[in-house]
Structure formats: structure tokens, C-alpha cells
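Numbering-wise, the working numbering puts 103 at position 111 of the sequence shown, and it's gapless, one number per residue.
Glycine included, C-beta positions come from ideal geometry on N, C-alpha and C.
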Amino acid sequence: MAFTMHSHSGQFCPGHAVDQLEDIIQHAISLGFKTMGLSEHMPRYEEQDLYPEERHDPQASLRALPPRHNAYLVEAQRLQQKYNSQIQILIGFEAEFIRPSFAPLVKELTLPACVDYFIGSVHHVHSIPIDYDSAMFEAAVQAAGGSEERLYEDYYDLQHEMLLALKPRIVGHFDLIRLKSQDPGRDVRQWKGVWERVLRNLKLVKEQGGWLELNTAALRKGLEEPYPCRAIAEEWIKMGGEFTMSDDSHGIAQVSTNYAGGLSYLESLGVKNLWTFERQPQPGADGSAKATLSDKAVPIEAFREHFKL
């Protein structure tokens, strides 16, 4: 019963990921995955939001993004049908919330009948990417007033705005802000203002019926703990919060990376189940109506049993 709810391909995320989407799905099937959530990044619409590799011809880069997203939805539906007997494919996208004006853009992208879900993520603070490289992270620190503590506060405030505006069922890499920080293993409970914001946001996610993803990309990138870190995960569990599972893969080589460590981490926290969606297309539907999604608990032991580690 292995799955991931967060994945990217080089086909629809060039420069950021590698490999064709179909090849990635075939690899997931070979590993024993039973569900795969596709979550390519949503388009960005302003030149200031382009990454360095997209700025050689900014207008061309911007023009390419919306058609690429539409092409992704078409291909995802083809693959969903082609591999229906081997794996459940959920079609989603990873939402950006660079600033509050992204909220209506995200909502519009959820409208097509083929879109099952989206991941609510924050990758930018003060419109600066905080997970791209150390130089950009430092620029974000300076934009926040010169301290990492204040940047953390600003990150969680923007995340709070995102949660209020979008109410995502899945919250992406809850504490991504620590990736490029000077001390990613820092106990943020020592920062009173930061910790208050963390607890506020966790409470809101729980009230909205959302899940946190246990995102193993943090381990792949050299951190000692997945997202979210232990202190945050413990508070989430105290609130009765649930986890889904994500490798946040950006190509074939990263599918299931560090899943063994992620599962052991969850077990050390006392987590028994992971959660995903079960998709039921509308009877006789011609693709014009959204499928029905139901929440499905997957025991961790079943995840391990069916996953070819």
C-alpha cells in the first residue's frame, strides 16, 4: 500500500526536476506503489517570481508556464487511464503562495474536473525563495530585518495566510524554512514568537481537516529529520493530527528516497497510520464531473509490507 502524495517530473518542471512523467510512474509501479499523487508546480505569472534559470528570457518563460500546466493535466489524465489497473493516480498540483494575490489563482486551478487535490506550500518569504540556495535565503533574512528568528516568524505568518485563504487538505513541508538556515536542527521552541505561530498554524490545519505530509526530501537534502521536525510532529500528534506520506521526488532516482528512514521516524513517534485518498470516478461520467475522494488510512506495517524497500 505504498504511495506518495507529492511528486514532480522534468517533463513539466524543467530545470527543477528530471525525467518523463510516464517513466516516473512506471518506476513507482515497479517499486510497489499503489497510489501516486502527481503535484507539479502551479504556474507563476510575474517576472519577479521566476527562478534564476528562467530569467535568460523572462517573457518567454512566463508565456510557457500556463500552457505547460494545461499540457500536464492532459498527460496526467492519459496516464491515469493507461495505468488504472496497476496504480491509482491522483491528479493534483503544488500551490504557491508567494503573496496573498495567489489565492484566486490557486482556486481557479482547482476548477478542472480532473484535478483531485492540491498541496498548500510556501516557498517564498518577502517574495524571495527560501529553499533555493543560501544566498537567496540570506536575502530573505535581510528582507525580514536581519534575523533568522524574524524570518521564521514571517514564514509562519505567510503560511497562516495561505491556510486561511486556501484550506488545503495537504500542507506541504510544514517547516521548510529550516532547510537553508544556519542551524536546521535548532529547537524552535526557544523562539517564543516562532513557536506560538507554529502552534497556531497546527491548530488551524487540524480545525480545517488537513493533513501534514511526512516529507522525506529533508533527509535527502542533508537534514537530520524529515519535515516536520520532531518537536512539531509531537505537537501535531497531541492535537490528533494525521500524516500523509511524500517523497517530494523530482525524478526517477528520488522516488521513495529515504522512505525507510521516514517510516522509522513515524514509528518512533507512535504513529500507526498514514492517510491518502481513495478516488471514485462518478458513475458513467465523461470526465466532466469531479471524482469523489474519500480518506483512506494505511497502517504503517501494510505500507512496509507492500513496499519493495
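From residue i to residue j, what does the alpha carbon distance come to, in whole angstroms?
{"i": "Gly185", "j": "His116", "result": "20 Å"}
{"i": "Asp287", "j": "Asn265", "result": "12 Å"}
{"i": "Arg161", "j": "Lys195", "result": "14 Å"}
{"i": "Pro104", "j": "Val263", "result": "34 Å"}
{"i": "Leu285", "j": "Ile111", "result": "15 Å"}
{"i": "Arg36", "j": "Leu54", "result": "7 Å"}
{"i": "Gln200", "j": "Asp240", "result": "23 Å"}
{"i": "Pro361", "j": "Ala87", "result": "Within the shown structure, residues of the chain are numbered from -7 to 301, placing residue 361 beyond reach of any answer."}
{"i": "Ala245", "j": "Asp49", "result": "30 Å"}
{"i": "Ala56", "j": "Glu226", "result": "42 Å"}
{"i": "Phe4", "j": "Thr(-4)", "result": "18 Å"}
{"i": "Val247", "j": "Arg296", "result": "15 Å"}
{"i": "Ala9", "j": "Arg47", "result": "17 Å"}
{"i": "Asn62", "j": "His118", "result": "28 Å"}
{"i": "His19", "j": "Asn76", "result": "15 Å"}
{"i": "Glu39", "j": "Trp183", "result": "35 Å"}
{"i": "Ser126", "j": "Gln51", "result": "26 Å"}
{"i": "Leu156", "j": "Leu261", "result": "28 Å"}
{"i": "Lys74", "j": "Gly138", "result": "52 Å"}
Using beta-carbon positions only, say whether residue i and residue j come within less than 8 Å of one another.
{"i": "Tyr147", "j": "Val98", "result": "no"}
{"i": "Arg271", "j": "Gln78", "result": "no"}
{"i": "Gly243", "j": "Ile21", "result": "no"}
{"i": "Ala(-6)", "j": "Leu13", "result": "no"}
{"i": "Thr208", "j": "Thr236", "result": "no"}
{"i": "Pro92", "j": "Phe166", "result": "no"}
{"i": "Arg181", "j": "Ala223", "result": "yes"}
{"i": "Arg189", "j": "His152", "result": "yes"}
{"i": "Met154", "j": "Lys198", "result": "no"}
{"i": "Ile292", "j": "Glu259", "result": "yes"}
For residue i, which residues from the same chain have a beta carbon less than 8 Å from its beta carbon, with the 5 sequence-adjacent residues on both sides left out?
{"i": "Ile107", "result": "Per the sequence shown, residue 107 should be read as Val rather than Ile. So the list reads Leu65, Ile83, Gly84, Phe85, Leu101, Lys282, once near-sequence residues are dropped."}
{"i": "Gly279", "result": "Gln69, Ala105, Cys106"}
{"i": "Trp267", "result": "Trp203, Glu234, Phe235, Thr236, Asp287, Lys288, Ala289, Val290"}
{"i": "Lys26", "result": "Met(-7), Ala(-6), Phe(-5), Ile79, Gln80, His298"}
{"i": "Ala294", "result": "Met(-7)"}
{"i": "Glu140", "result": "Val133, Ser173, Gln174"}
Once you ignore the five residues that flank residue i on each side, which residues in its own chain have a CB closer than 6 Å to its CB?
{"i": "Gly7", "result": "Glu45"}
{"i": "Pro273", "result": "Ala283"}
{"i": "Ser238", "result": "Thr(-4), Met(-3), His(-2), Glu205, Asn207"}
{"i": "Met34", "result": "Phe85, Ala87, Glu88, Leu101"}
{"i": "Ala210", "result": "Pro218, Tyr219"}
Near residue i, which residues of its chain fall below 7 Å by C-beta distance, leaving aside the five closest residues on each side in sequence?
{"i": "Ile120", "result": "Met128, Ala131, Ala132, Ala135"}
{"i": "Arg142", "result": "Ala136"}
{"i": "Pro176", "result": "Arg170, Leu215"}
{"i": "Glu145", "result": "Gly185, Val186, Arg189"}
{"i": "Asp11", "result": "Ser1, Gly2, Gly243, Ile244"}
Throw me the rounded Cβ distance for the residue i and residue j pair, which I believe falls under 8 Å.
{"i": "Tyr257", "j": "Pro218", "result": "6 Å"}
{"i": "Ile90", "j": "Asp41", "result": "6 Å"}
{"i": "Gly164", "j": "Glu205", "result": "6 Å"}
{"i": "Trp203", "j": "Glu234", "result": "5 Å"}
{"i": "Leu158", "j": "Ala95", "result": "6 Å"}
{"i": "Tyr43", "j": "Phe269", "result": "With a Cβ gap of about 30 Å, Tyr43 and Phe269 do not count as contacting."}
Is residue i close to chain C, meaning its C-beta is less than 8 Å from at least one C-beta of that chain?
{"i": "Arg55", "result": "Of the protein chains in this structure there is only one, and it is not chain C."}
Given 8 Å, three or more beta-carbon pairs between the region 129 to 136 and the region 61 to 71 | Of all C-beta pairs linking the region 129 to 136 to the region 61 to 71, fewer than three are shorter than 8 Å, placing the two stretches out of contact.
Contact between the region 27 to 35 and the region -1 to 14 (3+ Cβ pairs under 8 Å) = Three or more Cβ pairs closer than 8 Å define a contact, and the region 27 to 35 meets that threshold against the region -1 to 14.
Does the region 213 to 226 come close enough to the region 167 to 176 to have 3 or more Cβ pairs within less than 8 Å?
-> Yes: the two stretches touch, three or more of their Cβ pairs being nearer than 8 Å.
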